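Asker: Take this structure first; my questions come after.
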Amino acid sequence: MKRSILFDTETTGFDPDMGDRIIEIAALELIDDLPTGEAYHVLIHPERDIPPEATKVHGFRIEDLEGKPRFAEVADGFLEFIGDSPMIAHNARFDFKFVNAELKACGREPLDYASRAIDTVEMARKKYPGLPASLDALCRRFGIDLSQRGTHNALLDCKLLAEVYVELMGGRQRGLGLAGPSRSRSMTDGINALAHRPPRKMAPPTAEELQAHEAFVSTIKDAVWHRE
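Residue 89 in the numbering used here sits at position 83 of the sequence shown, and the numbers go up by one each step.
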């Protein structure tokens with residue numbers, strides 16, 4: 007039985023070296039590459055402002071995070087949930103860099119990228135060279151429902167990425183069809199458990215915000231951290 011953790015972060019900006027901070031972490035437990043329904047999710051006060059450009063991407067204002075814990079208060083719970091499992095993320099260098107900056111700032115050991123990171127962008131580029139590797143593009147390629155994805159949301163993005171990851175690992179041919187109906191139900195149950203968690207209340211994005219979202223993600227999470 008192989009345990010891994012699929013995770014995502016939302017942040018105040020692009021670079022922790024410039025003072026940007028994490029405001030949301032979501033992580034899902036996978037067993038043998040399938041979600042179990044066990045999840046870790048926390049909103050974090052960044053101890054700084056949130057620029058309007060970042061709010062257009064994920065919908066958070068600093069007012070939404072008043073009273074939420076600081077990262078130092080949730081670090082031990084996060085580390086306990088992830089254990090020593092491999093860590094799967096879309097644009098993993100981006101998320102690892104932020105998590106490690108936060109861990110260092112509160113006196114914890116950073117996660118080792120070389121031994122723990124699994125990057126689904128790199129997986130997609132190897133499997134589909136020359137084609138877009140954004141989460142939206144991969145969901146469309148695999149017929150995964152994107153109707154709930156207006157602005158970025160770490161927990162929803164993890165749910166979508168879990169489905170994408172199964173497909174990148176071989177999909178139903180590898181993980182579902184060969185293992186019979188019980189394994190198929192385990193994936194469905196795990197995804198449904200996450201889907202039925204209460205959604206964060208947020209006003210629907212405007213056309214300008216959606217356009218800004220696409221430009222932001224394409225420019226930063228794809229170009230900056232994954233130049234070839």
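Where is the CB? At the ideal position from N, CA and C, for every residue including glycine.
Keep in mind it's a predicted model, so treat the numbers as computed, not measured.
In whole angstroms, what is the alpha-carbon distance linking Ala81 and Leu109?
Answerer: 7 angstroms
Asker: Among Pro92, Pro138, Leu71, which residue has its Cα nearest to the Cα of Leu34?
Answerer: Pro92
Asker: Roughly how many angstroms lie between the CA atoms of Asp39 and Arg9, to the nearest whole one?
Answerer: 8 angstroms
Asker: In the DSSP assignment, what residue or residues form a beta bridge with Phe13?
Answerer: Residue pairing for Phe13: DSSP places it in a beta bridge opposite Ala33.
Asker: Secondary structure at Gly113, three-state DSSP: helix, strand or coil?
Answerer: Taken through DSSP and simplified to helix, strand or coil, Gly113 comes out as coil.
Asker: State yes or no: is the beta carbon of Ala130 nearer than 8 angstroms to at least one beta carbon in chain D?
Answerer: In the structure shown, chain D does not exist; there is a single protein chain.
Asker: Distance, Cα to Cα, Asp70 vs Asp23?
Answerer: 24 angstroms
Asker: What's the gap between the Cα of Lys279 and the Cα of Asp118?
Answerer: Residue 279 is absent from the model: the chain starts at 7 and stops at 234.
Asker: How about Phe100: is its Cβ closer than 7 angstroms to a heavy atom in the ligand ATP?
Answerer: This structure lacks the ligand ATP; in fact it carries no ligand of any kind.
Asker: Measuring CA to CA, which of Phe87, Val127, Ala98 is closest to Leu36?
Answerer: Phe87
Asker: Using the Cβ count rule (16 or more neighbours within 10 Å means buried), how would you classify Leu120?
Answerer: According to the sequence as given, residue 120 is Ala; it is not Leu. Answer is exposed; the Cβ neighbour count stays below 16.
Asker: Would you report the Cα separation of Tyr46 and Ala78, rounded to the nearest angstrom?
Answerer: 16 angstroms
Asker: Along the chain, where does the beta strand (DSSP E) that runs through Ala45 open and close?
Answerer: From DSSP, the beta strand (DSSP E) with Ala45 extends over 40-49.
Asker: On the CB-based measure, 16 or more other CB atoms within 10 Å of its CB, does Gly65 come out buried or exposed?
Answerer: Buried: at least 16 other Cβ atoms inside 10 Å.
Asker: What are the boundary residues of the beta strand (DSSP E) that Ala95 is part of?
Answerer: 93-95
Asker: When the Cα atoms are used, what is the spatial distance from Ala209 to Glu16?
Answerer: Because the pLDDT at Ala209 is just 42, under 50, the model does not fix this residue reliably, and the value given afterwards should be weighed accordingly. Approximately 18 angstroms, taken between the alpha carbons.
Asker: Buried or exposed: where does Glu59 fall if 16 or more other Cβ atoms within 10 Å of its Cβ makes it buried?
Answerer: When all chains shown are included, Glu59 counts as exposed.
Asker: How far does the alpha helix (DSSP H) with Ile88 in it extend, from its first residue to its last?
Answerer: 77-88
Asker: Excluding the 5 residues preceding and the 5 following Gly25 in the sequence, name in chain order all residues of the same chain whose CB lies nearer than 6 angstroms to its CB.
Answerer: Excluding residues up to 5 positions away in sequence, nothing lies with its Cβ nearer than 6 angstroms to the Cβ of Gly25 in the same chain.
Asker: Quick one, are the C-beta atoms of Ala130 and Leu12 less than 8 angstroms apart?
Answerer: no
Asker: Please determine, among Gly83, Leu144, Pro75, Asn106, the residue with the shortest C-alpha to C-alpha distance to Asp21.
Answerer: Asn106
Asker: So, with DSSP's three-state summary, where would you put Ala160?
Answerer: In the displayed model, Ala160 falls within a helix according to three-state DSSP.
Asker: Would you kindly work out how many angstroms separate the C-alpha atoms of Thr61 and Thr18, rounded to a whole number?
Answerer: Their backbone Cα atoms lie some 8 angstroms apart in a straight line.
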